[in-house]
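Numbering (the working numbering), first residue to last: 321 to 632.
For reference, the structure discussed in these notes is given below.
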Ligand code: 3HC
């Protein structure tokens with residue numbers, strides 16, 4: 321069969337709703353797109369541990385500390401699932417991770433913003449994990465089997481992350497004036513970056529047409545953003561907090577309209593000039609360097625015991 325015939329057959333399979341599995345034929349562009357998306361998703365999970373991990377020692381109660389430890393631990397596990405999913409496409413974890421550390425691979429813009437108070441932990445849970453759930457629920461329908469199955473598992477855990485964040489924010493919004501002030505400040509700083517994390521407007525989304533055609537995305541960035549706003553805005557307003565967008569409103573058809581998103585800020589953060597980019601990557605590089613002895617020990621053990629390298 322010619323490349324064109326194989327591609328047609330591949331696209332017919334996707335039209336029929338079949339899952340593409342690791343051993344199946346797939347266009348090279350499909351494979352490359354998935355490695356790009358899945359690895360950047362994995363990098364996001366790993367770096368996403370940092371903004372909240374910093375607050376574990378400062379949790380106001382043992383209960384909050386236990387919840388936050390569990391959440392941060394979950395994110396590490398999400399990173400593992402996703403690196404495994406990327407490896408089924410022929411990529412090696414080493415090359416993916418090095419691209420991340422070198423700044424050649426992206427990770428979610430949202431994690432380049434500082435977590436400045438304990439209330440940020442709640443707001444990250446409600447907004448960031450809430451936006452991630454909208455995106456990941458969509459990706460659970462993805463045409464690539466390993467990715468869609470990883471999403472099903474990850475979404476289940478994200479739901480707990482989202483609920484604990486919402487519970488915290490609602491408690492503080494109804495709490496002391498100081499608690500209210502802290503959680504409103506967190507909303508002021510996290511609202512717009514949470515809208516941005518779902519990707520540029522469809523008109524600027526260079527990858528979406530291909531990804532939708534091949535069933536990797538079943539919704540566009542703007543459609544997922546609209547879902548996120550439609551769910552989150554009414555609940556935030558009902559909590560008595562004010563969303564930092566005077567233009568935000570729902571029209572008679574239930575469509576939410578928001579003010580202009582600062583895409584210059586977004587691209588600046590994506591390009592590495594956000595408030596925390598250098599700090600975040602620096603911490604990941606230091607952790608990687610400090611863990612070298614563990615990788616060397618595993619390598620030595622694997623070669624001695626099995627006569628084969630541990631990291632192929
Ligand atoms: N941060 C950084 N880069 C972004 C971005 C963001 N929020 N949104 C888009 N970009 C980049 C894209 O990677 C692309 O660059 P590339 O071609 O060099 O990779 C460029 O901007 C153009 O954007 P597109 O819309 O064309 O890119 P996509 O079609 O890939 O859509 C996406 C962007 C919606 C983020 C999509 O990649 C996606 O769904 N990724 C998987 C989910 C994911 O990565 N989520 C990150 C958050 S994980 C998380 O929140 C963890 C949770 O536990 C809290």
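A virtual CB, placed ideally from N, CA and C, is assigned to each residue, including glycine.
Is residue i near the ligand 3HC, with its Cβ less than 8 Å from a heavy atom?
i: residue 464; result: no
i: residue 427; result: yes
i: residue 368; result: yes
i: residue 388; result: no
i: residue 578; result: no
i: residue 455; result: yes
i: residue 430; result: yes
i: residue 604; result: no
i: residue 481; result: yes
i: residue 498; result: no
i: residue 365; result: yes
i: residue 460; result: no
i: residue 489; result: no
Report, in whole angstroms, the separation of the C-beta atoms of residue i and residue j, which I expect to be a contact under 8 Å.
i: residue 581; j: residue 488; result: Actually they are not in contact, since the Cβ atoms of residue 581 and residue 488 sit about 26 Å apart, beyond 8 Å.
i: residue 464; j: residue 392; result: With 8 Å as the limit, residue 464 and residue 392 do not qualify as a contact, their Cβ atoms being about 27 Å apart.
i: residue 481; j: residue 394; result: 7 Å
i: residue 579; j: residue 567; result: 4 Å
Determine whether the beta carbon atoms of residue i and residue j lie at a separation below 9 Å.
i: residue 583; j: residue 520; result: yes
i: residue 438; j: residue 345; result: no
i: residue 417; j: residue 367; result: no
i: residue 347; j: residue 534; result: yes
i: residue 370; j: residue 600; result: yes
i: residue 441; j: residue 518; result: no
i: residue 405; j: residue 467; result: yes
i: residue 275; j: residue 548; result: Here the chain covers residues 321 to 632 and nothing more, so residue 275 does not appear.
Could you name the residues of the same chain whose beta carbon sits closer than 8 Å to that of residue i, not counting the 5 residues immediately before and after it, in chain order?
i: residue 542; result: 521 and 522
i: residue 473; result: 401
i: residue 456; result: 471, 474, 475 and 478
i: residue 502; result: 437, 438, 439 and 492
Starting from the C-beta of residue i, find all residues in its chain whose C-beta is less than 7 Å away, skip the five residues before and the five after it, and write them out in chain order.
i: residue 623; result: 629
i: residue 592; result: 423
Once the 5 residues before and after residue i are set aside, which same chain residues still bring their CB inside 6 Å of it?
i: residue 513; result: 430 and 433
i: residue 561; result: 493, 504 and 507
i: residue 596; result: 432 and 434
i: residue 459; result: 471
Have a look at the DSSP bridge pairing and note the partners of residue i.
i: residue 340; result: 464
i: residue 576; result: 570
Measuring only between beta-carbons, confirm whether residue i sits less than 9 Å from chain C.
i: residue 420; result: Looking for chain C here will not work: only one protein chain is present.
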